[in-house]
Amino acid sequence: MSDQLSSTFAALADPTRRAILARLALGETSVTELAEPFQMSMPAVSKHLKVLERAGLIARGREAQWRPCRLSAGPLKDAADWLEHYRRFWEESFDRLEEYLRELQKKEKKNGRKR
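For the sequence shown, the numbering used here gives the first residue as 49, with consecutive numbering after it.
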């Protein structure tokens, strides 16, 4: 995918990859440690890591026999910024709905008193 935002959301679409990112948010760790909570083969975990790496969400290093993985949160910030626009849209929509309901309640009370 050429679009960074699409790559980010595609990588985040899988619950295993989201769990891997959650673990990496705690600090860098090895591929073996990342694989421990999942009941899947190391090649399957490696495939997930490659998707995350291509999306720019993780970086992998080499230190002798240790291959640490670490979170690269930049693409997550870009996704959060994109979503922020829609969060504001929904908040404004709910604010308008709340005001409309308040007006209906006022009219209902006013009409109830006239009876």
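No residue lacks a Cβ here, since even glycine has one placed at the ideal position from N, Cα and C.
Between the alpha carbons of residue i and residue j, how many angstroms are there, rounded?
| i | j | result |
| --- | --- | --- |
| GLU139 | GLN153 | 21 angstroms |
| GLY122 | LEU105 | 7 angstroms |
| VAL164 | ASP126 | Nothing about residue 164 can be read from this structure; the chain reaches only from 49 to 163. |
| HIS133 | ALA70 | 24 angstroms |
| GLU147 | ASP129 | 28 angstroms |
| LEU119 | LEU100 | 9 angstroms |
| GLU59 | MET90 | Per the sequence shown, residue 59 should be read as Ala rather than Glu. Between ALA59 and MET90, the C-alpha separation is close to 18 angstroms. |
| TYR96 | PHE142 | Tyr is not the amino acid found at residue 96; the sequence shown has His there. Their Cα atoms are separated by approximately 38 angstroms. |
How far does the alpha helix (DSSP H) with residue i in it reach, from first residue to last?
| i | result |
| --- | --- |
| ALA121 | Per DSSP, ALA121 belongs to no alpha helix (DSSP H) and is neither H nor E. |
| MET90 | 90-102 |
| GLU81 | 79-83 |
Evaluate residue i with the Cβ neighbour count: other Cβ atoms within 10 Å of its Cβ, from every protein chain shown; 16 or more gives buried, anything less gives exposed.
| i | result |
| --- | --- |
| ARG65 | buried |
Beta strand (DSSP E) containing residue i: first to last residue?
| i | result |
| --- | --- |
| ARG108 | 106-108 |
Put residue i into one of helix, strand or coil per three-state DSSP.
| i | result |
| --- | --- |
| HIS133 | helix |
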